[in-house]
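The sequence shown begins at 18 in the numbering used here and counts up one residue at a time.
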Amino acid sequence: MTNPAPRLETRLRSATQEVVIGHDTRFCLIGERINPTGRRIFQEQLRAGDLSAIERDVKAQVEGGADVLDINMGVPLTDEADLLAKAITMVQGLTDKPICIDSSVVEALEAGLSVYQGRALVNSITAEDDRMAQILPLVKKYDAAIIALPNDEDEIPMEVEKRITLTRKIIEVATKEYGIAAADIVIDPLAMPIGADGSVALTFFETVRRIRDEFGVNMTCGASNVSFGMPSRHALGSAFLPMAMQAGLTSAIMDTRTPEIVEAVKAADLLLGHDEWGGSWIAAHRARQAATA
Numbered sequence: 018m019t020n021p022a023p024r025l026e027t028r029l030r031s032a033t034q035e036v037v038i039g040h041d042t043r044f045c046l047i048g049e050r051i052n053p054t055g056r057r058i059f060q061e062q063l064r065a066g067d068l069s070a071i072e073r074d075v076k077a078q079v080e081g082g083a084d085v086l087d088i089n090m091g092v093p094l095t096d097e098a099d100l101l102a103k104a105i106t107m108v109q110g111l112t113d114k115p116i117c118i119d120s121s122v123v124e125a126l127e128a129g130l131s132v133y134q135g136r137a138l139v140n141s142i143t144a145e146d147d148r149m150a151q152i153l154p155l156v157k158k159y160d161a162a163i164i165a166l167p168n169d170e171d172e173i174p175m176e177v178e179k180r181i182t183l184t185r186k187i188i189e190v191a192t193k194e195y196g197i198a199a200a201d202i203v204i205d206p207l208a209m210p211i212g213a214d215g216s217v218a219l220t221f222f223e224t225v226r227r228i229r230d231e232f233g234v235n236m237t238c239g240a241s242n243v244s245f246g247m248p249s250r251h252a253l254g255s256a257f258l259p260m261a262m263q264a265g266l267t268s269a270i271m272d273t274r275t276p277e278i279v280e281a282v283k284a285a286d287l288l289l290g291h292d293e294w295g296g297s298w299i300a301a302h303r304a305r306q307a308a309t310a
């Protein structure tokens, strides 16, 4: 392919702040911690109507460097729509960071979008026709952006070509049938555990390169998926994300409480020319100095 696609920008907003996800700007860190999955005590608190842990999670993710906060309230035996709306309202009172609304329940997504003040990122759809038909109208109605995964009802494809084919399908359906701008589609190229198959990272990097060059859209992934089940997970994450950034990844859903990984991302931003005059790198260094003084 001789002419790469124009590289697009995805703009998210809170009531007072805009964050741009783009190929020529700093990598966007999406803080993943406000999520009850695998957190038994947090789940019990949420069932009891106690949202106080969210305040601690917001503080920790923002202090760690999160640009956007992912909020998931998927707790069994609760009213997820009500819980998500309350959590989003609460978080908007604590921080001006834009929000990624994360749910597999359509009613919960609508409840969250209806109370959000700004321009949200919705997490997520797949290439399944019914899933797109359920969620894309909401994305259009509330002028949001959407994370999309190139897998369908058959499988999570392990081949680059199948992921590209499904990415093309998602973009065509979203843009042509629902009038959603390609800039507002953020593809998740499917980061898989390296411990299960030693080739998955290479497949991921090649998928990222192809998506960047052929479609120009922005991309994200669950960064911790790659190191799942392996020792020294932070070291793997610190190597994986800068390599993915070089290939064209523009954001990641991650726990920003891990300074080792956040620092690796900021170093890669500087080396890739996305941190003008090293301003962000120097500011982070000075902040660490001040904190230890």
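Heads up, the beta-carbon is just placed ideally off N, CA and C, and yes, glycines get one too.
Note that the structure is predicted; figures quoted are calculated from it, not measured.
* To do: Could you please give the first and the last residue of the uninterrupted alpha helix (DSSP H) stretch that includes D146?
  => For the purposes of this step, residue 146 is taken as the residue at position 129 of the sequence shown. From DSSP, the alpha helix (DSSP H) with D146 extends over D146 to K158.
* Asked: Which partner residues of S268 appear in the DSSP bridge assignment?
  -> Residue numbering aside, residue 268 sits at position 251 when the sequence shown is read from its first letter. Partner(s): C45.
* Please determine, among L153, S297, Q306 and A310, the residue with the shortest C-alpha to C-alpha distance to R43. => Position 26 of the sequence shown, counted from the first residue, corresponds to residue 43. Of the candidates L153, S297, Q306 and A310, the one whose C-alpha sits nearest the C-alpha of R43 is S297.
* Asked: Quick one: what does DSSP say L166 is sitting in, helix, strand or coil?
  -> For the purposes of this step, residue 166 is identified with residue 149 of the sequence shown, where counting begins at 1. Strand, per DSSP.
* **8 Å contact criterion, which G135 and S31 should meet: CB distance rounded** => Numbered from 1 along the sequence shown, position 118 holds the residue referred to as residue 135. Numbered from 1 along the sequence shown, position 14 holds the residue referred to as residue 31. Right, the Cβ-Cβ distance comes to about 4 Å (below 8 Å), so this counts as a contact.
* **Close-in-space but distant-in-sequence residues of the same chain around N141 (CB under 8 Å, 5 per side omitted)** => In the sequence shown, counting from the first residue as 1, residue 141 sits at position 124. In the sequence as presented, Asn is not what sits at residue 141; that position holds Ser. D119, I163, I164, A165, L166 and D205.
* To do: List the endpoints of the continuous beta strand (DSSP E) containing S10.
  => With the chain represented from 18 up to 310, any question about residue 10 goes unanswered, as that position is not in the structure.
* Asked: How would you write the range of the beta strand (DSSP E) that I118 sits in, first residue to last?
  -> Within the sequence shown, numbered from 1, the residue matching residue 118 stands at position 101. Note, I118: beta strand (DSSP E), I116 to D119.
* To do: Could you please give me the residues that DSSP links to G39 through a beta bridge?
  => Translated into positions along the sequence shown, residue 39 becomes position 22. Bridge partners of G39: E26.
* Reference P53, options Q62, L46 and I47, closest by Cα -> Position 36 of the sequence shown, counted from the first residue, corresponds to residue 53. With distances taken between Cα atoms, P53 lies closest to Q62.
* Identify whether V279 lies in helix, strand or coil by the three-state DSSP scheme. => Residue 279 sits at position 262 when you count from the first residue of the sequence shown. In the structure shown, V279 sits in a helix (DSSP, three-state: H, G or I).
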